[in-house]
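**Student:** Before we start, here is the structure in question, set down as structure tokens.
Residue numbers (the numbering used here): 285 to 598.
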């Protein structure tokens with residue numbers, strides 16, 4: 285290594301590692317600024333310095349292409365949130381709202397689930413000039429605990445933004461007895477709302493993970509025995525319909541007690557916008573995508589990467 289090479293290395297270390305300006309490097313080395321510029325170029329020419337540009341949009345494009353091709357999705361939106369779960373939820377809410385605002389929803393029947401993610405979407409929806417035909421609640425929403433489902437606030441947010449009337453289900457999402465549920469479903473209003481849910485043009489939903497701290501496991505619907513059963517076999521739920529890793533109904537007994545759109549009925553909707561994120565939900569999201577429950581996806585970047593990793597294990 286000759287003197288010029290050594291000087292080029294010194295200049296490169298001061299400029300790139302120590303973050304000095306070219307003028308400061310010149311002062312440190314006792315030479316002129318043009319000389320420093322030539323030394324830095326020499327360092328590049330000799331391969332002592334390589335510059336990489338990491339474009340997150342470029343990485344997103346690869347992720348979107350992989351997700352779209354693997355799961356036959358019509359649209360994907362990638363979110364880059366901060367690390368905390370609450371910030372992920374907030375950012376998903378904003379991204380989900382913007383995604384819906386970009387869709388042509390005029391004259392369409394829009395089905396809406398509930399949960400923390402859907403509430404954040406509703407709170408971030410802006411008033412639009414669109415007029416949806418109606419907003420339909422896809423599952424019962426009354427809580428049996430001190431935890432709120434916020435189903436009414438969620439529906440109201442969608443109705444306000446899309447200038448549409450609401451069809452609600454003021455019922456528990458899971459009944460204690462099948463006989464009671466069947467009697468309630470015979471009511472003409474309830475039967476109509478359930479049928480309208482099955483016929484929605486667009487369904488907006490999230491998926492939940494099956495763990496002790498998840499919202500659905502703590503609303504007072506499930507007995508300890510039911511919770512243990514689900515924790516043993518289910519990986520997630522969509523519209524409170526629990527499913528296994530293989531895409532089967534996790535518990536027919538619990539499914540028969542549940543009020544709302546069924547998994548096959550959800551899959552049959554023309555557009556199905558899934559908004560979900562957080563690494564703890566990755567398996568639930570991947571399985572929902574594999575089952576064909578979603579046509580569109582809004583997800584955070586780390587979870588999207590994890591979903592594709594899980595997909596490779598199938």
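Cβ atoms here follow ideal geometry from the backbone N, Cα and C, with glycine treated the same way. Computed from a predicted model, the values in this text were never measured in an experiment.
#1: Name the two residues that bound the continuous beta strand (DSSP E) containing residue 525.
#2: Does residue 581 come out as helix, strand or coil in the three-state DSSP assignment?
#3: To which residues of the same chain is residue 295 closer than 6 Å at the C-beta, ignoring the five residues directly before and after it?
#4: Per the DSSP calculation, residue 362 is bridged to which residue(s)?
#5: Here's a check: name, in chain order, each residue in its chain whose Cβ is nearer than 8 Å to the Cβ of residue 469, leaving out the five neighbours to either side.
#6: Quick one: residues in its chain with C-beta nearer than 7 Å to the C-beta of residue 482, no 5 flanking neighbours on either side, listed in chain order?
#7: At a Cβ threshold of 8 Å, is residue 290 touching chain B?
#8: Do the segment 419 to 426 and the segment 508 to 517 make contact, defined as three or more Cβ pairs closer than 8 Å?
#9: Identify the residues that DSSP records as bridge partners of residue 303: which are they?
#10: Mind checking which residues open and close the beta strand (DSSP E) that includes residue 521?
#11: Roughly how many whole angstroms lie between the Cα atoms of residue 504 and residue 397?
#12: Is it true that the segment 454 to 470 meets the segment 373 to 388, where meeting means three or more beta-carbon pairs spaced less than 8 Å apart?
#13: For residue 287, which three-state DSSP category applies?
#14: Helix, strand or coil for residue 334 per DSSP?
#15: What separation, rounded to the nearest whole angstrom, lies between the Cα atoms of residue 506 and residue 547?
#16: With DSSP as the reference, label residue 409 as helix, strand or coil.
#17: Apply the 10 Å Cβ neighbour rule to residue 391 and answer buried if 16 or more other Cβ atoms are within range, or exposed otherwise.
#18: Pick helix, strand or coil for residue 468, following the three-state DSSP scheme.
#19: What's the C-alpha gap between residue 585 and residue 417?
#20: For residue 404, count the other beta carbons within 10 Å of its own beta carbon; 16 or more makes it buried, fewer makes it exposed. Which is it?
#21: Secondary structure at residue 356, three-state DSSP: helix, strand or coil?
#22: Measure the alpha-carbon distance for residue 302 versus residue 330 and round it to whole angstroms.
**Tutor:** In terms of the structure at hand:
#1: 525 to 527
#2: strand
#3: 309, 320, 323, 324
#4: 583
#5: 475, 478, 543
#6: 545, 549
#7: Absent from the structure: chain B. Only one protein chain is present.
#8: no
#9: None; residue 303 has no bridge partner.
#10: 520 to 522
#11: 18 Å
#12: no
#13: helix
#14: coil
#15: 19 Å
#16: coil
#17: exposed
#18: helix
#19: 33 Å
#20: buried
#21: coil
#22: 20 Å
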